[in-house]
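Shown next, in structure tokens, is the structure this report addresses.
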């Protein structure tokens, strides 16, 4: 997390969205260190993402870090294509270890383009195929090569801004909207 906070900052006034966020645990921890105005948490799984689970995470991290959580939270369990978010209202999108699970991309990509402000960003933390096509151990989905993601992002006018190795085949990839 320290690596992410050092290399990929956002502003306290930003509205951020996390797509495929699971329980929101990772986002709560990040925003306790570096708050934003609002975080929109999106995950289809109602068993994993709930206001109660997010509040438990907040209480846990506030206690362990002697800090206070100040970001506003919205939770959605709908596909990103159906969420009522105003165009050009999002400063940045987090997609942590979920890009390979998003489908259908041909419907999702235009929505991401519509939501993100000019100069806004999409930050992926993603395990990639490097030398050969690999399968994600947790969900059995094919993992993308970076070149494939670069082309997907270029199709919606986002360009690679930063790349950072997290682990052997897991990377942070930041794309900025032109």
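Residue numbers (full-length UniProt numbering): 1 to 178. Backbone N, C-alpha and C fix where the C-beta goes; we use that ideal spot for every residue, glycine too.
| Query | Result |
| --- | --- |
| Buried versus exposed, by CB contacts within 10 Å (16 or more), residue 1 | exposed |
| DSSP bridge partner residues for residue 165 (one or two, in chain order) | 171 |
| Member of 19, 52, 70 and 164 whose CA lies at the smallest distance from the CA of residue 37 | 70 |
| CB of residue 172 within 8 angstroms of CB of residue 166, strictly | yes |
| One or two residues paired with residue 96 in a DSSP bridge | 125 |
| Length of the line joining the Cα atoms of residue 6 and residue 45 | 30 angstroms |
| CB-CB length for residue 143 against residue 125, believed under 8 angstroms | Rounded, the Cβ-Cβ distance is 13 angstroms, inconsistent with contact. |
| Alpha-carbon spacing of residue 116 relative to residue 65, whole angstroms | 31 angstroms |
| Identity of the residue in 63, 94, 108 and 102 nearest residue 82 by Cα | 108 |
| 3-residue-minimum beta strand (DSSP E) runs that sit fully inside the UniProt domain "Methyltransferase type 11" (17-123), ordered along the chain | 38-42, 72-76 and 90-96 |
| Euclidean distance between Cα positions of residue 34 and residue 133 | 35 angstroms |
| Residue 131 classed as buried or exposed, judged by whether at least 16 other C-beta atoms fall within 10 angstroms | exposed |
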